[in-house]
Amino acid sequence: MRTIIRLMHKEDLSVICSIQKEYPELNWSRDSFYKEIENKNSVSLVSELKGQVIGYIIAKIVIDEAQILNFFVHQKFREMGVGHLLMTSLLQTLIDEGALFVYLETRKNNESAIRIYERFGFLGVAIRKDYYVNPTDDGIFMIKGL
Ligand SMILES: CC(C)(COP(=O)(O)OP(=O)(O)OC[C@H]1O[C@@H](n2cnc3c(N)ncnc32)[C@H](O)[C@@H]1OP(=O)(O)O)[C@@H](O)C(=O)NCCC(=O)NCCS
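In case it helps, this note's numbering puts the sequence shown at residues 5 to 150.
Following this line, the structure appears as structure tokens:
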């Protein structure tokens with residue numbers, strides 16, 4: 005599958021918000037995406053297939069640490085390597101920007117996400133009890149050196 009990875013633009017937001025509507029568990033508003041696109045300390049990437057956005061990953065850098073804020077691939081295109089490509093591009097960008105480590109939180113039962121993070125060398129270092137709501141769930145705090 006020939007996908008390209010590029011920076012997210014504000015022109016992508018209508019498509020991204022319509023994707024979000026299909027997934028009630030995704031709770032980012034248009035404004036949340038917009039703020040990250042405009043933030044010069046954030047990296048917002050999309051994966052595009054034949055002109056269509058099919059996934060995205062967003063991270064914020066503070067001095068030498070980076071936090072992954074959002075990572076998503078459209079259901080139809082999962083398990084085809086799109087997430088892998090997004091993560092590879094993000095990590096390289098974070099290194100280029102001088103980040104020394106990267107961290108994230110994920111739901112304890114999000115096996116597909118945890119698997120891909122572990123493949124990239126993230127380590128689960130702490131459990132955050134009841135970190136998530138709707139439904140309530142523990143969060144795993146994961147971290148990786150760059
Ligand atoms: C987590 C998520 C982004 C992963 O995206 P993805 O595009 O499915 O990820 P990939 O395809 O790169 O990798 C997933 C699996 O597919 C496998 N895969 C990759 N390319 C493949 C191919 N061509 N054929 C078959 N399997 C393939 C990978 O090996 C991987 O499995 P493994 O870890 O057992 O090796 C996606 O599941 C998602 O959007 N989930 C919902 C949102 C979410 O939970 N985000 C994380 C919040 S913390």
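The beta-carbon is built from N, C-alpha and C at its ideal position, and this holds for glycine as well.
Given this structure, state the Cα-to-Cα distance separating residue i from residue j, to the nearest angstrom.
i	j	result
residue 29	residue 68	30 Å
residue 64	residue 119	22 Å
residue 137	residue 100	35 Å
residue 71	residue 49	14 Å
residue 114	residue 9	24 Å
residue 47	residue 111	22 Å
Tell me the residue span of the beta strand (DSSP E) that contains residue i.
i	result
residue 82	Where residue 82 is concerned, there is no enclosing beta strand (DSSP E), given that its DSSP letter is neither H nor E.
residue 52	46-53
residue 149	141-149
Run through the DSSP bridge pairs and tell me what residue i is partnered with.
i	result
residue 27	According to DSSP, residue 27 bridges with nothing at all.
residue 75	61
residue 96	None; residue 96 has no bridge partner.
Tell me the residue span of the alpha helix (DSSP H) that contains residue i.
i	result
residue 120	115-123
residue 35	34-42
Between the Cα of residue i and the Cα atoms of the options, which residue gives the shortest distance?
i	options	result
residue 131	16, 150, 144	144
For the structure I just gave you, are there three or more beta carbon pairs, one from the stretch 14-31 and one from the stretch 51-62, closer than 8 Å? yes
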